[in-house]
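Student: Here's a structure for you.
There are 2 protein chains.
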Amino acid sequence: MTRDTVPETNRSLPIALLRAREKVMGPIRAMLADVGVTEQQWRVLRVLAERGTLDPTEIADRSCLLMPSLTRILQTLTTKGLITREVHPTDKRRQLVTITAAGRQLIADNLKESQRLNAWLRESFGADKLDALLDLLNELDALDRDPRG
Amino acid sequence: MTRDTVPETNRSLPIALLRAREKVMGPIRAMLADVGVTEQQWRVLRVLAERGTLDPTEIADRSCLLMPSLTRILQTLTTKGLITREVHPTDKRRQLVTITAAGRQLIADNLKESQRLNAWLRESFGADKLDALLDLLNELDALDRDPRG
DNA sequence: AACTTGCCATTAACATGTTAAGTAAAGGAT
DNA sequence: ATCCTTTACTTAACATGTTAATGGCAAGTT
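Chains as they are written, first to last, in the working numbering: chain A, 100 to 248; chain B, 100 to 248.
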């Protein structure tokens, strides 16, 4: 009965995305656990290493985190000595976040393993498929918002 | 410097998967919020509607949830009167979870809107691309585990 | 200047993610 | 029957996801 009207979870895009993400993140999480940082903390550090000093709003945007989560993460990273924070010189509402030498070192220490995991993925899954997948995902993300039309 | 060694987050599969998921889930979350259930609770209810009575372990597997999360969710759903639980007749370790009439009603009430969102996605993104994306994601999920080789 | 509006970041409250440990029951071996 | 291992589920502890409300500050309006 319900089997005819309720779509199979197999063809559900949200769940498919979730499972794929789990597949990819599992090994990365394991690697990061050894160093004592979470996946999200790692994302923040990488963004800071990529772009240099940023304010929290831009970090949130680039690392795909919501501000409340980021607030807690920045506190944690500060405690761990991986970032520093200072108030914006002309706008006291804002902050400037910078990765420390220790933070860069942490990234450097794990970059090789991170790249090895990426290489494994490209080989196992196929470079062509991986690129095709990334293109599709980016296209999806670029879709016009708001399906209430 | 770091720009040469640290891969851009744009081409990071984990982040691309995350952003794509956000794009798809946003509207669905909004719909479910009106009914007072979360995305995960919705997944559990759908699995139960699809497959009938199941034990928690199989629910966790099919709805892509970890057991600790599922334990809390099943408690919530029981409180809300959307599911019932009973101990397995021959194996007292196990349980049997069944969706209630109220649970089925909740699904029925939201099915149309859910399908409308799916239709919007197919139109906006393209049916061919959507299918290609789902195929790629399923292939990825089917990859051999364990990249420590 | 007083008011208003908007923005940045934080906090609060609740739900889930994640890993590890704990509890109870089932199954097999001695 | 006793012991050991495994299985199914729960709890605990900490981190994040998510929405709403709050506080501090900036900028425009009157």
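Yeah, the Cβ is synthetic: ideal placement off N, Cα and C, and Gly gets one too.
Within its chain, find whatever has a CB closer than 7 angstroms to the CB of R145 of chain B; leave out the 5 residues flanking it on each side and keep chain order.
Tutor: Translated into positions along the second sequence, residue 145 of chain B becomes position 46. Excluding positions up to five away in sequence, the list reads I206.
Student: Please list the partners that S168 of chain A has in chain B, where partner means a Cβ-to-Cβ separation under 9 angstroms.
Tutor: One-based indexing of the first sequence puts residue 168 of chain A at position 69. Near S168 of chain A there are no residues of chain B at all, since even the closest Cβ is about 12 angstroms away, more than 9 angstroms.
Student: Do Q139 of chain A and I172 of chain A have their CB atoms nearer than 7 angstroms?
Tutor: Locating residue 139 of chain A in the first sequence gives position 40, where the first residue counts as 1. Locating residue 172 of chain A in the first sequence gives position 73, where the first residue counts as 1. Cβ distance < 7 angstroms, so Q139 of chain A and I172 of chain A count as in contact.
Student: With H, G and I counted as helix, E and B as strand and the rest as coil, what does DSSP make of L112 of chain A?
Tutor: If you number the first sequence from 1, residue 112 of chain A lands on position 13. Helix at L112 of chain A.
Student: Over what stretch of residues does the alpha helix (DSSP H) that includes T175 of chain A continue unbroken?
Tutor: Within the first sequence, residue 175 of chain A is the residue found at index 76, counting from 1. Segment 166-178, the alpha helix (DSSP H) holding T175 of chain A.
Student: Among B:N209, B:A148, B:L112, whose alpha-carbon lies nearest the alpha-carbon of A200 of chain B?
Tutor: The count along the second sequence starts at 1 and reaches residue 200 of chain B at position 101. With distances taken between Cα atoms, A200 of chain B lies closest to B:A148.
Student: Can you find a CB in chain A that lies within less than 7 angstroms of the CB of A201 of chain B?
Tutor: Indexing the second sequence from 1 puts residue 201 of chain B at position 102. Cβ-Cβ to chain A under 7 angstroms: no for A201 of chain B.
Student: Please decide whether P155 of chain B counts as near chain A, where near means a Cβ-Cβ distance under 7 angstroms.
Tutor: Walking along the second sequence from the start, residue 155 of chain B turns up at place 56. It does not; no Cβ of chain A falls within 7 angstroms.
Student: With I182 of chain A and G151 of chain A assumed to form a contact (beta carbons below 8 angstroms), what rounded beta-carbon distance in angstroms separates them?
Tutor: In the first sequence, the residue the question calls residue 182 of chain A occupies position 83. In the first sequence, the residue the question calls residue 151 of chain A occupies position 52. Wrong, their Cβ atoms sit about 12 angstroms apart, outside the cutoff.
Student: Cβ closer than 7 angstroms: which chain A residues qualify as neighbours of R171 of chain B?
Tutor: Counting from 1 along the second sequence, the entry for residue 171 of chain B is found at position 72. Within chain A, no residue comes near R171 of chain B; the closest Cβ sits about 18 angstroms away, beyond 7 angstroms.
Student: Note down, in chain order, every chain B residue with its Cβ under 8 angstroms from the Cβ of A231 of chain A.
Tutor: Along the first sequence, read from residue 1 onward, the residue named residue 231 of chain A stands at position 132. Simply A231, L235.
Student: Specify whether the stretch 114-127 of chain B and the stretch 113-123 of chain A touch according to this definition: at least 3 beta carbon pairs, one from each stretch, less than 8 angstroms apart.
Tutor: Yes: at least three Cβ pairs fall under 8 angstroms.
Student: So is R192 of chain B buried or exposed if we call it buried at 16+ other beta carbons inside 10 Å?
Tutor: The residue labelled residue 192 of chain B in the question sits at position 93 within the second sequence. Burial call: exposed.
Student: List the residues of chain A that D243 of chain B touches, going by C-beta distances under 8 angstroms, in chain order.
Tutor: Stepping through the second sequence from its first residue, residue 243 of chain B is reached at position 144. Going along chain A in sequence order, the residues near D243 of chain B (Cβ under 8 angstroms) are S223.
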